[in-house]
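K.L.:
Pasting a structure here, questions to come.
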Amino acid sequence: MTSIAHIPEDPLPLSRPRARRTLGGQIVVWLRANLFASIPSTIVTLLLVALLGKACVSLWQWGIANAVWIVAGNDTAACRALRGLGACWAVIPEKYRFILFGTYPFEEQWRPALAVLIFILLFVLSSRRSFWRKELILLWAGALIIIGLLMWGGIFGMSYVTQDRWGGLPVTLILATFGLAFGFPLGILVALGRRSKLPAIRSLCVLYVELIRGVPLISLLFMASVMFPLFMPDGVNIDKLLRAQIAFVLYAGAYLAEVVRGGLQAVPRGQYEAADALGLSYWQKNALIVLPQAIRHVIPPLVNTFIAFFKDTSLVLIIGIFDLLTTAKTAIIDPAWQSFSVEVYVFVGLIYFAFCFAMSRYSRSLESQAAPR
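The numbering used here puts the first residue of the sequence shown at 1, with every later residue one more than the last.
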């Protein structure tokens with residue numbers, strides 16, 4: 001005789017809705033899971049919290065509590081009296097115009113300041129998907145012409161300023177913007193060339209990439225500054241900033257080509273076959289189907305290369321071009337302010353951080369938008 005198991009009169013439901021946790025409860029759960037999961041983890045967490053707290057207190061005392069913010073002229077007696085116990089932020093309002101614009105004529109510095117604002121406006125507009133139309137290319141072309149007119153002058157009553165007087169943040173933005181604007185299309189073409197079925201094109205692209213990536217950027221800048229003029233005809237002299245810009249374009253193109261090639265390899269073979277089945281030409285297939293998918297796969301390394309390239313513009317110091325970091329170093333040559341270089345480097349570091357952090361955040365937004373739903 002088969003026995004029937006006893007079934008409780010009020011059985012538990014198969015699933016119950018989870019109780020909603022408050023924000024405080026969620027924080028406690030996260031802390032237990034990530035920072036206090038075990039005794040060793042708790043000890044390490046407490047040690048790191050203690051070190052971080054001490055560092056924050058010291059930074060507060062040096063950077064804010066004991067800092068000197070304003071001095072009269074070059075009278076740095078108040079800053080020297082701190083003996084390193086506090087920051088002398090007074091060097092920033094005293095030297096910021098030279099740091100940002102270098103030796104550009106003082107009374108004309110509104111022109112590079114306006115050029116920087118135009119650059120930032122272009123970056124902001126280009127980050128909006130609603131502006132991704134053909135008109136954006138025309139906007140960039142017109143804005144870059146205006147920037148060139150502002151920096152050079154010579155028209156509309158503006159005095160002419162030679163490129164050897166340019167410096168600071170405008171030079172950094174010019175090198176980075178033009179380097180990436182021309183280096184990225186070059187990298188795409190080289191990446192496609194490395195996958196070409198034509199041996200001559202493939203060999204040239206491989207030679208270009210391996211040659212550029214096999215030498216330091218400094219050597220390219222030296223070649224552009226010293227060796228390149230030797231190959232030019234007599235009487236032909238290309239400006240030093242333009243030569244450095246060409247070196248940056250070639251450098252960026254080689255590194256971006258490898259990133260894009262990695263994205264091309266990640267595209268499934270079926271996508272190529274589907275494009276061929278639709279009767280698309282080579283350029284239609286790559287522009288409409290392959291490249292959008294490839295670039296979506298490599299957004300993080302692309303932005304990482306952009307950030308590294310933006311910071312590498314500081315190497316133009318080697319060939320005598322005054323970028324942002326170079327003008328910062330030059331600004332503290334003044335004997336009255338030589339002891340306060342840390343404050344100047346912190347100021348410049350914050351500028352670099354602002355641009356690089358903005359690129360990083362934009363990369364994250366692109367990743368989230370491109371992620372499959």
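Glycine included, C-beta positions come from ideal geometry on N, C-alpha and C.
With respect to the alpha helix (DSSP H) encompassing S339, which residues constitute its N-terminal and C-terminal limits?
P.N.:
Premise fails: S339 is in no alpha helix (DSSP H) and is neither H nor E.
K.L.:
In angstroms with no decimal places, state the Cα-to-Cα distance between I145 and L211.
P.N.:
Computed Cα separation, rounded: 33 Å.
K.L.:
Considering only residues of the same chain and omitting the five flanking positions on each side of I118, which have a CB-CB separation below 7 Å?
P.N.:
A143, I146, I147
K.L.:
At which residues does the alpha helix (DSSP H) containing W283 begin and terminate?
P.N.:
It spans 282-285 - the alpha helix (DSSP H) in which W283 sits, taken as one unbroken run.
K.L.:
Can you tell me which of the three DSSP states D323 falls into?
P.N.:
Secondary structure at D323: strand, using DSSP grouped into helix, strand and coil.
K.L.:
Using the C-alpha atoms, what's the distance from G154 back to A331?
P.N.:
If you draw a straight line from the Cα of A331 to the Cα of G154, it comes to about 28 Å.
K.L.:
Just checking my contact of G253 with G183 at CB under 8 Å: how many whole Å lie between their CB atoms?
P.N.:
Between G253 and G183 a beta carbon distance of about 4 Å is seen, short of the 8 Å cut, so the two are scored as contacting.
K.L.:
Is the beta carbon of F347 closer than 8 Å to that of V171?
P.N.:
For V171 and F347, no; Cβs fall outside 8 Å.
K.L.:
When you compare each of V267, F310, A90 to I295 by their alpha carbons, which one comes out closest?
P.N.:
V267
K.L.:
Roughly how many angstroms lie between the CA atoms of S219 and L189, to the nearest whole one?
P.N.:
24 Å
K.L.:
I need the boundaries of the alpha helix (DSSP H) containing R202, first residue and last residue.
P.N.:
Looking at the DSSP string, the run of the alpha helix (DSSP H) that includes R202 is 199-213.
K.L.:
Can you grab the Cα-Cα spacing for the pair S341 / R202, in whole Å?
P.N.:
If I take the Cα positions, the gap works out to 49 Å.
K.L.:
Within the same chain, show all residues whose beta-carbon is closer than 6 Å to that of M1, passing over the 5 residues directly before and after it, in chain order.
P.N.:
Here the model assigns M1 a pLDDT of 47, short of 50, so the residue's position is not dependable, and the following value carries that caveat. Cβ within range, chain order: n/a, list empty.
K.L.:
When the Cα of G167 is compared with those of E367, M359, L325, which residue comes out closest?
P.N.:
Ranking E367, M359, L325 by Cα distance to G167 puts L325 first.
K.L.:
Less than 7 Å between C-beta atoms, sequence neighbours within five positions excluded: which residues of the same chain meet that for S368?
P.N.:
none
K.L.:
Evaluate contact between the region 224-235 and the region 277-297, counting only Cβ atoms and requiring at least three cross-stretch pairs below 8 Å.
P.N.:
no
K.L.:
Taking one C-beta from the region 56-66 and one from the region 78-87 each time, how about it: are there three or more such pairs within less than 8 Å?
P.N.:
yes
K.L.:
So if DSSP puts G168 in a beta bridge, which residue, or which two residues, is it bridged to?
P.N.:
DSSP output for G168 lists D323 as bridge partner(s).
K.L.:
From V44, A50, G235, Q163, pick the residue whose C-alpha is nearest to that of G102; which is it?
P.N.:
Q163
K.L.:
Specify, as a first and last residue, the run of the alpha helix (DSSP H) that I39 falls within.
P.N.:
39-60
K.L.:
Evaluate the contact criterion for the region 301-319 versus the region 354-362: three or more CB pairs, one atom per stretch, below 8 Å.
P.N.:
The answer is yes - the region 354-362 touches the region 301-319, with three or more Cβ pairs under 8 Å.
K.L.:
Could you pull the DSSP bridge partners for V68 from this structure?
P.N.:
C88
K.L.:
What is the DSSP secondary structure of E367, reduced to helix, strand or coil?
P.N.:
Helix at E367.
K.L.:
By the DSSP assignment, the alpha helix (DSSP H) with I246 in it spans what residues?
P.N.:
240-266
K.L.:
Buried or exposed: where does C56 fall if 16 or more other Cβ atoms within 10 Å of its Cβ makes it buried?
P.N.:
exposed
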